[in-house]
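Peer 1: Position 264, counted from 1, in the sequence shown is what UniProt numbering calls 264; the numbers after and before it change by one each time, with no gaps.
Glycine residues also receive a C-beta, built at the ideal position from the N, C-alpha and C atoms.
Shown below is the structure under consideration.
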Amino acid sequence: DCHLSRVPDELLLEIVDLLDTDSLQRLSQVSQRLQCIAGHCYLVSVGFRLPIAGWLDVNEVVCNALPVRWKLGAMCAFFNSLKDMQAVCQVHLHLYIDPMGMSPIFGSLLESILGSRCTELHASSHSASGGLIHIPHMTQLFPSTLTSLNISSPMFFFPHSIRFTLSVLRSAPLAILQLNNTGLSPLQWAVLLGKVNLPSLVELEVDQTCPYDALATCLIAHRAISKLTISHCGFPTMSVEDITPCSVLHSLRKLTGPATRILPLLKVITLPSDFQCLYITFHPYHPERNQNVFSDILSCAEYLLCLSHLEISMPMITSADKLAAFVTFPITDKCIIPVRDLTFRGIHPILSTPDVFDAIVSSSLHLLCCL
Numbered sequence: 001d002c003h004l005s006r007v008p009d010e011l012l013l014e015i016v017d018l019l020d021t022d023s024l025q026r027l028s029q030v031s032q033r034l035q036c037i038a039g040h041c042y043l044v045s046v047g048f049r050l051p052i053a054g055w056l057d058v059n060e061v062v063c064n065a066l067p068v069r070w071k072l073g074a075m076c077a078f079f080n081s082l083k084d085m086q087a088v089c090q091v092h093l094h095l096y097i098d099p100m101g102m103s104p105i106f107g108s109l110l111e112s113i114l115g116s117r118c119t120e121l122h123a124s125s126h127s128a129s130g131g132l133i134h135i136p137h138m139t140q141l142f143p144s145t146l147t148s149l150n151i152s153s154p155m156f157f158f159p160h161s162i163r164f165t166l167s168v169l170r171s172a173p174l175a176i177l178q179l180n181n182t183g184l185s186p187l188q189w190a191v192l193l194g195k196v197n198l199p200s201l202v203e204l205e206v207d208q209t210c211p212y213d214a215l216a217t218c219l220i221a222h223r224a225i226s227k228l229t230i231s232h233c234g235f236p237t238m239s240v241e242d243i244t245p246c247s248v249l250h251s252l253r254k255l256t257g258p259a260t261r262i263l264p265l266l267k268v269i270t271l272p273s274d275f276q277c278l279y280i281t282f283h284p285y286h287p288e289r290n291q292n293v294f295s296d297i298l299s300c301a302e303y304l305l306c307l308s309h310l311e312i313s314m315p316m317i318t319s320a321d322k323l324a325a326f327v328t329f330p331i332t333d334k335c336i337i338p339v340r341d342l343t344f345r346g347i348h349p350i351l352s353t354p355d356v357f358d359a360i361v362s363s364s365l366h367l368l369c370c371l
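Here's what the structure looks like:
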């Protein structure tokens, strides 16, 4: 027997009066009886007021007060009410949900968003993987009008939401797909990309955990892709020593990512002769240490027979000494990349001084021939 159930309500109310807000919230979720006793005190402690005339003003106080399942349920009802109205163009979700507390209603929310005829969905979260990811062999397909999907969260690969994700990746008319912070292992990445079927896809972004062979296979199957980006999210994937180069990707025109990730990829894909733009990026605040930056770019030269535009996005560098170490490369490491336009981009004032600019240009002239 639960001894708490024997405690009179009057005594419980005296105990409730001594609790802080967090304790009140947890206590109100134990049982229906404790919700009736502690729930009102909790709502008062967070400044929540009962709705007037049936209308609930959804603001920060309300969102902080309501349990997660109530919030998701309210959002689900909202999107369901839009089915017979004008389509929703964009939906942005930022989730603070604990992955271990995922509720089936989250999957229902995603399906209701699809039902609202949404065309762009951007979703992110602070959650880590949590070991819950599983990609099933088969899944139900839902009608979808999504043309752009940007996911930066492992929560879309958990049991309650994976049906939505796989359905969209197999049946939606997506033109833009961005998958970052997925929590997927290289093997899970390979399984997932093997299920993708998006004939209209023209832009693809993946994190650096995605294995090169699976990515190359996906690019071959989706020859309309003209822009590929490898982000800084995740951990670097395996080597490409035993992978055979694939056929020419005739539509690919733009390639973006760290030089240390682009170089292995270039070993397993074949760029078209009219490939246009290479964008080299570095983590904005954590540039690779002890890394010969320009030498990595030089190593791409044999794969770039004719390049229209090369852009190098410099990281956050706070001192001239760090900058000198960043751009220095062996004088014997010489190569020419025929490029029409060369662009350097920086985000710190130290990169804007004449002396620093001269140092960068002097270094770059050793490796770049601008036509």
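Hey, quick one: how far does the beta strand (DSSP E) through K227 stretch, first residue to last?
Peer 2: By 1-based counting over the sequence shown, the position of residue 227 is 227. Where K227 is concerned, the enclosing beta strand (DSSP E) stretches over 227-230.
Peer 1: Would you check if there are 3 or more beta carbon pairs closer than 8 Å linking the region 216-225 to the region 149-163?
Peer 2: No contact exists between the region 216-225 and the region 149-163.
Peer 1: Find the nearest neighbour of L11 within the set V30, Q29, L34, judged by alpha-carbon distance.
Peer 2: Translated into positions along the sequence shown, residue 11 becomes position 11. Checking every option, the nearest Cα to that of L11 belongs to L34.
Peer 1: Taking the continuous alpha helix (DSSP H) assigned at S112, which residues delimit it?
Peer 2: Taking the first residue of the sequence shown as position 1, residue 112 is located at position 112. Looking at the DSSP string, the run of the alpha helix (DSSP H) that includes S112 is 104-115.
Peer 1: Going by DSSP in three states, T217 sits in which element: helix, strand or coil?
Peer 2: Indexing the sequence shown from 1 puts residue 217 at position 217. Correct three-state label for T217: helix.
Peer 1: Starting from G257, follow its DSSP beta bridges and name the residues at the other end.
Peer 2: Within the sequence shown, numbered from 1, the residue matching residue 257 stands at position 257. The partner list for G257 (beta bridge, DSSP) reads I280.
Peer 1: Look at the Cβ atom of C41, then the Cβ atom of V7, and state whether they are nearer than 8 Å.
Peer 2: On the sequence shown, position 41 is the one that residue 41 refers to. On the sequence shown, position 7 is the one that residue 7 refers to. Taking 8 Å as the Cβ cut-off, C41 and V7 do not qualify as a contacting pair.
Peer 1: Please classify R345: does DSSP put it in a helix, a strand, or coil?
Peer 2: On the sequence shown, residue 345 is found 345 positions in, with the first residue counted as 1. R345 falls in the strand class under three-state DSSP.
Peer 1: Count the other CB atoms within 10 Å of the CB of M85; is the residue buried (16 or more) or exposed (fewer)?
Peer 2: Position 85 of the sequence shown, counting from 1, holds the residue named residue 85. M85 should be labelled exposed.
Peer 1: What is the residue span of the alpha helix (DSSP H) that S125 lies within?
Peer 2: Within the sequence shown, residue 125 is the residue found at index 125, counting from 1. S125 -> not in any alpha helix (DSSP H); beta strand (DSSP E) instead, spanning 120-125.
Peer 1: Any idea which residues DSSP pairs N150 with across the strands?
Peer 2: Within the sequence shown, residue 150 is the residue found at index 150, counting from 1. Paired residue(s): H122, Q178.
Peer 1: Cβ of R117 within 8 Å of Cβ of T145?
Peer 2: By 1-based counting over the sequence shown, the position of residue 117 is 117. By 1-based counting over the sequence shown, the position of residue 145 is 145. It is a contact, given that the beta carbons lie within the stated cut-off.
Peer 1: Pick from V339, M316, S295: whose alpha carbon is nearest that of L304?
Peer 2: On the sequence shown, residue 304 is found 304 positions in, with the first residue counted as 1. Checked all of V339, M316, S295; the closest Cα to L304 is V339.
Peer 1: With distance defined between alpha-carbon atoms, name the residue in I220, L187, M316, S200 nearest to P173.
Peer 2: In the sequence shown, the residue the question calls residue 173 occupies position 173. With distances taken between Cα atoms, P173 lies closest to S200.
Peer 1: Taking the beta carbon of G257 as the centre, do at least 16 other beta carbons fall within 10 Å, making it buried, or is it exposed?
Peer 2: As a first step, residue 257 must be located in the sequence shown, where it is residue number 257. Label assigned to G257: buried.
Peer 1: For the alpha helix (DSSP H) holding I269, just list the boundary residues, first then last.
Peer 2: For the purposes of this step, residue 269 is taken as residue 269 along the sequence shown, with counting starting at 1. Careful: I269 lies outside any alpha helix (DSSP H) and carries neither H nor E.
Peer 1: Can you grab the Cα-Cα spacing for the pair D321 / D296, in whole Å?
Peer 2: In the sequence shown, counting from the first residue as 1, residue 321 sits at position 321. In the sequence shown, counting from the first residue as 1, residue 296 sits at position 296. Approximately 20 Å, taken between the alpha carbons.
Peer 1: What's the C-alpha gap between S153 and L110?
Peer 2: Along the sequence shown, one-based indexing puts residue 153 at 153. Along the sequence shown, one-based indexing puts residue 110 at 110. Cα to Cα, S153 sits roughly 14 Å from L110.
Peer 1: Could you spell out the range, first to last residue, of the beta strand (DSSP E) harbouring L95?
Peer 2: By 1-based counting over the sequence shown, the position of residue 95 is 95. Its beta strand (DSSP E) spans residues 90-95.
Peer 1: Return yes when at least one heavy atom of the ligand ATP lies under 7 Å from the C-beta of Y303, else no.
Peer 2: Among the ligands in the structure shown, none appear at all, so the ligand ATP cannot be discussed.
Peer 1: Which stretch, first to last residue, makes up the beta strand (DSSP E) that contains V206?
Peer 2: For the purposes of this step, residue 206 is taken as residue 206 along the sequence shown, with counting starting at 1. Where V206 is concerned, the enclosing beta strand (DSSP E) stretches over 203-206.
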